[in-house]
Amino acid sequence: MKGSPEAVLAAIDEFGSTKNFLMNVGREKGAVVTDIIAKEKPKTLLEIGCYVGFSAILFGNEFRKAGGEKYRSLELNSTFAAVARELIALAGLDQTVEIIEGTCRESLRKLQRSGVGAFDMIFIDHAKALYLNELKSCEQLGFVQPGTTVIADDMIRPGNAAYSAYVRDSPEVKKQQFEKFDTITRDSDVSLGNPALIYETSLIDGREPSGNDVSEQSVIFDLQLATKRC
39 MKGSPEAVLA AIDEFGSTKN FLMNVGREKG AVVTDIIAKE KPKTLLEIGC
89 YVGFSAILFG NEFRKAGGEK YRSLELNSTF AAVARELIAL AGLDQTVEII
139 EGTCRESLRK LQRSGVGAFD MIFIDHAKAL YLNELKSCEQ LGFVQPGTTV
189 IADDMIRPGN AAYSAYVRDS PEVKKQQFEK FDTITRDSDV SLGNPALIYE
239 TSLIDGREPS GNDVSEQSVI FDLQLATKRC
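To convert a position in the sequence shown, counted from 1, into this note's numbering, add 38.
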């Protein structure tokens, strides 16, 4: 198993199906992301929400094969972060994937202070209510630039209407909101984003972690892609 991402992923899958359910992205839906990685060949990738490292191993393996240089994954929970580090090291990806432990906001700020610039790809998969604020944080800190692909998971159910609306809003609408809240939120933990950014978006129906098809009426997982363009 050591040095084999596929073997480690298989072991995680087996544990999740026989021992205890795991909130992993799953192979079927994960394949959508790995296909994007193989096609776009990002050099840098930011994952917000590592959990136990399944997606970091799945995506990190394809990222490395595609010539990727640095994959950073943020995780708040210290136990999950420790498990993810062990599994990523076992898979032989610890030189490619870095786990950053702590709150998302502080981790993002640390990355900026250390000189990290725009990411080629960002994958968001954790607390749905925080998606929009953290996308705006990434915008404000310069992590989203022309060509950055942003992928958000679980956008149908439970979904996040505010996030979906934001990535589709025009710069004029965003600017109005920015100016409205700029003064009262400038010193708070609420991010305002960059109203000048324009996204091309698409919504992709997914599958359950088991690989079973999900009906239109009971869709649980999906991916929303938002690509920044000039």
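Virtual Cβ for every residue (Gly too), placed ideally from N, Cα, C.
So is residue i buried or exposed if we call it buried at 16+ other beta carbons inside 10 Å?
i: P209; result: exposed
i: E238; result: exposed
i: L83; result: buried
Closest by CA to residue i, which one among the options?
i: V228; options: I236, L235, F219; result: F219
i: I86; options: A203, E139, F216; result: E139
i: N115; options: L149, H164, G130, G106; result: H164
i: D191; options: S202, I50, I236; result: S202
i: V46; options: V121, Q150, L170; result: V121
i: D243; options: Y204, A48, K57, I189; result: I189
i: L241; options: G197, G231, C88; result: G197
i: E44; options: F181, R65, Y169, F161; result: R65
i: E113; options: K67, R151, I162, F157; result: I162
Can you list, in chain order, the residues of its chain whose CB lies under 7 angstroms from that of residue i, leaving out five sequence neighbours each side?
i: S175; result: R143, L146, S229
i: A104; result: I75, A76, K79
i: C268; result: The predicted model places C268 with a pLDDT of 37, which falls under 50 and marks its position as unreliable; any figure quoted below should be read in that light. Cβ within range, chain order: P184.
i: N171; result: V228, S229
Below 8 angstroms CB to CB, which residues in the same chain sit around residue i once its five sequence neighbours on both sides are set aside?
i: I126; result: G91, A94, I95, G98, D132, V135, I137
i: K40; result: L128, G130
Check the Cβ-Cβ distances between residue i and every residue of chain C, and say whether any is below 8 angstroms.
i: K103; result: The question asks about chain C, but that chain is absent: this structure has only one protein chain.
Is there at least one non-hydrogen atom of the ligand NAD closer than 7 angstroms to the beta-carbon of residue i?
i: G41; result: Among the ligands in the structure shown, none appear at all, so the ligand NAD cannot be discussed.
Once the 5 residues before and after residue i are set aside, which same chain residues still bring their CB inside 6 angstroms of it?
i: K213; result: P233
If you scan the region 94-179 from start to end, which runs of the beta strand (DSSP E) of 3 or more residues do you find wholly inside it?
108-113, 135-139, 159-162
Are the region 122-137 and the region 94-107 touching by the rule of at least three beta carbon pairs closer than 8 angstroms?
yes
Counting only runs of 4+ residues fully inside the region 186-232, write out the alpha helix (DSSP H) ranges in chain order.
199-206, 209-223
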